[in-house]
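Step one of this worksheet: look at the structure below.
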Amino acid sequence: MKIEKLNARQPIGIAILGFDGVSALDLTGPLETFFAARVDDVETERPGPYQVRLIGVTGKSFTSESGLVYKTRYTLRNAVLADTVIIPGGAAVQTGEASRKIAEWLSSRAVSIRRIASVCGGIYAVAKAGLLETRKITTHWKLVQDFRRQFPRVDVDPAASFIKDGKFYSCGGGTAAMEMTLALIQEDCGARGALSVARELVMRLRPPGDRENTLEPLQFECGPMDRFADLPAWIASHLSDNLSVEALAGRVCLCPRHFSRLFKRFFHASPAVFVEELRLDEARRRLRVPRNSIEDVARDVGYKSADSFRRAFERRYGVSPLGYKRNLRIENNKIYRSSLFAA
Numbered sequence: 267m268k269i270e271k272l273n274a275r276q277p278i279g280i281a282i283l284g285f286d287g288v289s290a291l292d293l294t295g296p297l298e299t300f301f302a303a304r305v306d307d308v309e310t311e312r313p314g315p316y317q318v319r320l321i322g323v324t325g326k327s328f329t330s331e332s333g334l335v336y337k338t339r340y341t342l343r344n345a346v347l348a349d350t351v352i353i354p355g356g357a358a359v360q361t362g363e364a365s366r367k368i369a370e371w372l373s374s375r376a377v378s379i380r381r382i383a384s385v386c387g388g389i390y391a392v393a394k395a396g397l398l399e400t401r402k403i404t405t406h407w408k409l410v411q412d413f414r415r416q417f418p419r420v421d422v423d424p425a426a427s428f429i430k431d432g433k434f435y436s437c438g439g440g441t442a443a444m445e446m447t448l449a450l451i452q453e454d455c456g457a458r459g460a461l462s463v464a465r466e467l468v469m470r471l472r473p474p475g476d477r478e479n480t481l482e483p484l485q486f487e488c489g490p491m492d493r494f495a496d497l498p499a500w501i502a503s504h505l506s507d508n509l510s511v512e513a514l515a516g517r518v519c520l521c522p523r524h525f526s527r528l529f530k531r532f533f534h535a536s537p538a539v540f541v542e543e544l545r546l547d548e549a550r551r552r553l554r555v556p557r558n559s560i561e562d563v564a565r566d567v568g569y570k571s572a573d574s575f576r577r578a579f580e581r582r583y584g585v586s587p588l589g590y591k592r593n594l595r596i597e598n599n600k601i602y603r604s605s606l607f608a609a
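Following the working numbering, the numbering of the sequence shown begins with 267 at its first residue and continues without gaps.
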């Protein structure tokens, strides 16, 4: 997984709030998505782009609606300032002590927090902090009527998977929380970094405001970003195909010149560079399987010859495919010997 945009500086601090009665899915979905953004490379010891902390709202131990018990070293009192704060859902955050404490904490720190994201009912605490008047949000469809009654000055779009309005993100819950987290990762790590995480979790990238639950008629006229939305995932699943500019442009019904210009604007790389990075990233994954030969890997990810694959791999990683496999064996042997001594 190549996530290089953030490696030059300290990991971004993520605070996920937890409380008795929290929805386990709303909490662990974003948690695992951020964790999947870690750098996974035996050649380096660089830290991942995120440092995620669970923050207990009412104490260092809390229990989810489904009975999972979480323990953490941090509470609202001793939590360090985070770049991004996630407020999960759960009945307890809509009313009661947890909702009040989160609202008070947010109102006193909101100016210093770069992003505030809520999942499902977590939006209640953000609204109670007085941070959402005239802003656009989304939440779980079951909560829409009650939320509108309590906060009539907040614009609610119940059809969107997740929404971004300024520094505030909101989503409907469940898998939408993971899609929203992917969007946060894309802001920090770029489209290629987010795509790597999406592939790891078998998901696809969604833009903010994607109306996945809408019952409106299909719109046959689409904008440029709509045409590109599914293209990275399609490329990743067709690496052995012809992925020339002409072929990709034809897939989204654009002329090659216009396609190249739009592609670079959206993904900050030329189509050729983007395709090569996906091919080499997948090649590296396959080389970790001992039985996969270099020739087979080269063919499966779209290289016409093992020699052209070797040159591209060495140019990207500074080591040949053979050297990479050798380093993996050495590393695995070290781990095996360490486990024997530990036993």
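For glycine and all other residues, C-beta sits at the position ideal for the given N, C-alpha and C.
Since we're looking at a predicted model, the values are computed, not measured.
Taking 8 Å as the threshold (C-beta atoms), are residue j and residue i in contact?
i	j	result
V351	L283	yes
R380	D349	yes
V288	S327	no
K394	T324	no
R554	L505	no
F428	P354	no
G279	V385	no
P522	V511	yes
T338	L320	yes
Buried or exposed for residue i, going by 16 or more other Cβ atoms inside 10 Å?
i	result
Q360	buried
T405	buried
A383	buried
P498	buried
D562	exposed
D412	exposed
D307	In this prediction, D307 has a pLDDT of 41, which is less than 50 and means its spatial position is unreliable; what the coordinates show is noted afterwards. Label assigned to D307: exposed.
V468	exposed
P587	buried
V422	buried
K591	buried
In whole angstroms, what separates the C-alpha of residue i from that of residue j?
i	j	result
I501	R458	12 Å
F417	F579	55 Å
I269	E298	Note on I269: pLDDT 42, under 50, position unreliable in the model; the coordinate value appears next. For I269 and E298, the distance between alpha carbons rounds to 16 Å.
L514	F532	15 Å
L546	E453	23 Å
G396	A281	20 Å
T441	G295	7 Å
M444	A425	17 Å
F285	A358	8 Å
V567	V410	46 Å
A564	G589	15 Å
E543	F529	15 Å
S462	D573	26 Å
I'd like the ranges of any alpha helix (DSSP H) spanning at least 4 consecutive residues and lying wholly in the segment 376-413.
389-394
Quick one: any contact between the segment 290-307 and the segment 329-343, if contact means 3 or more CB pairs under 8 Å?
yes
Can you give, in chain order, each stretch of the beta strand (DSSP E) that sits fully within the segment 288-352 and has at least 3 residues?
316-322, 327-329, 335-337
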